[in-house]
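First to last, the protein sequences are chains H and W.
Just so you know, the first sequence maps onto residues 39 to 150 in my numbering.
Just so you know, the second sequence maps onto residues 961 to 1436 in my numbering.
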Amino acid sequence: MTKIEAVIQNSKLEAVKSALQEIGVEGMTVIEVRGHGRQKGHTEVYRGREYSVDLIPKTKLELVLADTLVDKAVQAILGAARTGKIGDGKIFLSRIDEAIRIRNEERGEGAL
Amino acid sequence: MSTRTRLISSLVTAVLILILAQGLCAQTATSAGSPNDTNSRLAKLEQQVADAKGSADNAWMLVSSALVLMMTGPGLALFYGGLVRKKNVLATMMQSFALMAVVTVLWALFSYSFAFGPGNSFFGGFKNLFLSGVGSAPDADYAATIPAQTFMVYQLMFAIITPGLIAGAFAERMKFSAMLAFTVIWSIIVYDPMAHMVWGKGGLLNASLGGRFPTLDFAGGTVVHVTSGVSALVCALYLGKRVGYPKEPMPPHSVVLSFIGACLLWVGWFGFNAGSALAAGSLATSAFVATHFGAAAAAVGWAGAEWIRNGKASVLGGISGAVAGLVAITPAAGFVKPMPALLIGLIAGVFCYWMVAIVKAKFGYDDSLDAFGVHGAGGTLGAILTGIFAVSAVNPIFKDAQGNVLPSGLLEGNAHQLLNQIVGIAIAWVLAIVGTLIILKLVDVTIGLRVSEEEEVQGLDLSQHGEEGYYWETSA
């Protein structure tokens, strides 16, 4: 089982969700985050004082999938989330030791 | 005809004539009337006209009182509340709210007497303690057509909001207990004397009642804005900067709340300025128009200055500009014509923007919510401009011994008035500085002014009030 963590632009969430649903992904967790890679922030001015905002609002998706589905999911995310500009985000993959369904204690890929 | 028939017809004719004669007499009796009936009817009519006129004045003044209270709660509470960080929103609002309660009690017990009693040049005295003598009969020296109680409650709303403005300078770091102690003493030793000097019977600066240095201050440019704004500067310097200022970013947590507050202030200000006419006549209209024009032009001025300097006109800048204009027009509202009101607003908008965006940064003091930059500086500017633009055509405030109207301000030919304005402003500055320093020292050595660093970092909502402003993260 593989965990996919994808940090994407806020405006791309709907497109990525649709693309994932189309390939049969059934569950995900969505978190509002702030951060930056190489993307520069912006400056806000209040009563003459400047505040540089360099932590930019982004959306993070977390999915745990069966290994057979991972490549398709990554391609779906890349296709839906890319604009070609700095700030598009990143995808991280990691191994998951175990998954358990809380309702009936089912384990392994069946729990996904 | 028989004798009997003749007799009966004569009798009937006689009775008819008698009835007719009675009727005629009765008519002529009522239409003639005695002179006393007409006079008493006229007197009754005159009384009814006076009552009707007084009703209009009283209705307007009660509405104005409500409008001015609304300026404190929720106007100022929201305006300031939105400008602070989320962890201090309730504490900031509480500062305004507490005054609504505490200052009212002080006013009822003795503060009204200290401010408006018939005392000497500086102090109203004890004659109206517990509001004795303040009833439904008008006090002709103050407002001849409304109950004295209306005048008292209207002035109370001014006494409430004035110390609330100072909170802008010590926001996010003052102990609640210390703020209460400070406000109670400040209200008594700074506000009451200043109000008495400018508006009270025998007041040194009272332009309507023959003060020695008549200062033109229609609705409180010196009494409210200069005193509170200068006190705010003293507080900011004495208390010191907030932890992390100026390096840590402390942007307003909700410009939305500040926006709502500012709009409530603008509307409420009609009660503040136009209500200071103390009647519902054409002077109230003139003050209403001047107030509105001053606010509008200042919003344009501040936002315009920002647009030029930063490339964008901000919402916070627009509303701050409007407030600055309202402050500056406060002393002038019932003395100037509409076009000068526009000019006063425009100057105030640009001037206060400069004070807040450039001067404050240069000197480095932490006047958190710009109480000095907007109220202290704006009020001072407004009081000076009043001395320039006041005209007797709007308000014939100065008259000679024969009752002829004298010129009011500089442009009308009364250059001397500017000196009087400066005296009034100077007295406000000195009273504010000296009074505030004494109170700060006193409160600091007894209960301490500032919260601990831990409490400040945790936020005043939790440390002072045990509450959180927004509980949105927790789901039911």
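Heads up, the beta-carbon is just placed ideally off N, CA and C, and yes, glycines get one too.
Legend entry - Amino acids of chain H, ordered along the chain, whose beta-carbon sits closer than 7 Å to that of P1211 of chain W: E82, Y84, Y89
Legend entry - the ligand NAP heavy atom lying under 8 Å from the CB of E1372 of chain W: Summarising the ligand content, the structure contains no ligands, and the ligand NAP is consequently not present.
Inset, instruction - Taking only runs that begin and end inside the stretch 1331 to 1358 of chain W, name each unbroken alpha helix (DSSP H) of 4 or more residues, in chain order. - result: 1337 to 1349
Legend entry - Span of the beta strand (DSSP E), counted from its first residue to its last, around H80 of chain H: 80 to 84
Inset, instruction - Indicate the three-state DSSP secondary structure (helix, strand or coil) for M1030 of chain W in the structure shown. - result: helix
Inset, instruction - Pull up the DSSP beta-bridge partners for F23 of chain H, would you. - result: This structure gives no information on residue 23 of chain H, because the portion of chain H shown stretches from 39 to 150.
Legend entry - Proximity of V1049 of chain W and H1213 of chain W at Cβ, strictly below 9 Å: yes
Inset, instruction - Check the Cβ of N1270 of chain W against every Cβ in chain H and list those closer than 7 Å, keeping chain order. - result: V83
Legend entry - Proximal residues, the stretch 1300 to 1328 of chain W versus chain H, C-beta separation under 8 Å: Y1313, V1316, A1317, I1318, K1320, A1321
Legend entry - Coarse secondary structure for D1101 of chain W, derived from DSSP in three states: coil
Legend entry - Inter-stretch contact (C-beta, 8 Å, three-pair minimum) for the stretch 1176 to 1192 of chain W and the stretch 1150 to 1166 of chain W: yes
Legend entry - Within chain H, partners of L1276 of chain W - CB distance below 8 Å: Y84, R85
Inset, instruction - Count the other C-beta atoms from every protein chain shown that fall within 10 angstroms of the C-beta of P95 of chain H, then say buried if there are 16 or more, exposed otherwise. - result: exposed
Inset, instruction - Just confirm the distance between the C-beta atoms of L1276 of chain W and S1218 of chain W, as a whole number of angstroms; I'd bet it's less than 8 Å. - result: 7 Å
Inset, instruction - Report the three-state DSSP secondary structure of Y1072 of chain W (helix, strand or coil). - result: helix
Inset, instruction - Keeping to the same chain, check which residues put their C-beta closer than 8 Å to that of T1064 of chain W; ignore five residues upstream and five downstream. - result: L1116, I1120
Inset, instruction - List the residues that DSSP assigns as beta-bridge partners of R139 of chain H. - result: DSSP lists no partner for R139 of chain H.
Inset, instruction - Pick out whichever of H:F130, H:S90, H:L150, H:E70 has its Cα sitting closest to the Cα of E1433 of chain W. - result: H:E70
Inset, instruction - Return the CA-CA distance between P1300 of chain W and I1289 of chain W, expressed in angstroms with no decimal places. - result: 10 Å
Legend entry - Beta-carbon spacing of F1083 of chain W, P1153 of chain W below 9 Å: yes
Legend entry - DSSP three-state assignment for I1385 of chain W, whether helix, strand or coil: helix
Legend entry - Proximity of A1240 of chain W and W1020 of chain W at Cβ, strictly below 9 Å: yes
Legend entry - For A1108 of chain W, the nearest candidate out of W:E1416, W:S1092, W:F1118, W:P1123 (CA to CA): W:S1092
Inset, instruction - Report the rounded CA-to-CA distance for V1186 of chain W versus R120 of chain H, giving the unit in angstroms. - result: 57 Å
Inset, instruction - In the DSSP assignment, find the alpha helix (DSSP H) that holds Y1313 of chain W and state where it starts and stops. - result: 1298 to 1314
Inset, instruction - Could you have a look at G73 of chain H and say whether DSSP puts it in helix, strand or coil? - result: strand
Inset, instruction - Give a yes or no on contact between the stretch 97 to 104 of chain H and the stretch 51 to 64 of chain H, applying the rule of three or more CB pairs nearer than 8 Å. - result: yes
Inset, instruction - Assign K98 of chain H to one of three DSSP states: helix, strand, or coil. - result: strand
Legend entry - C-alpha gap between A1257 of chain W and A1317 of chain W, whole angstroms: 19 Å
Inset, instruction - Run the CB neighbour count on P1098 of chain W, radius 10 Å, all protein chains shown included, and call it buried at 16 or more, exposed below. - result: buried
Inset, instruction - Say whether the stretch 1029 to 1041 of chain W touches the stretch 1117 to 1136 of chain W, bearing in mind that this needs 3 or more beta-carbon pairs closer than 8 Å, one atom from each stretch. - result: yes
Legend entry - 9 Å Cβ cutoff met for F130 of chain H and I42 of chain H: yes
Inset, instruction - Could you give the DSSP three-state label for S156 of chain H: helix, strand or coil? - result: Since the displayed chain H opens at 39 and closes at 150, residue 156 of chain H lies outside it and no answer follows.
Inset, instruction - Consult DSSP for V1144 of chain W and reduce its assignment to one of helix, strand or coil. - result: helix
Legend entry - Proximity of F1295 of chain W and G1369 of chain W at Cβ, strictly below 9 Å: yes
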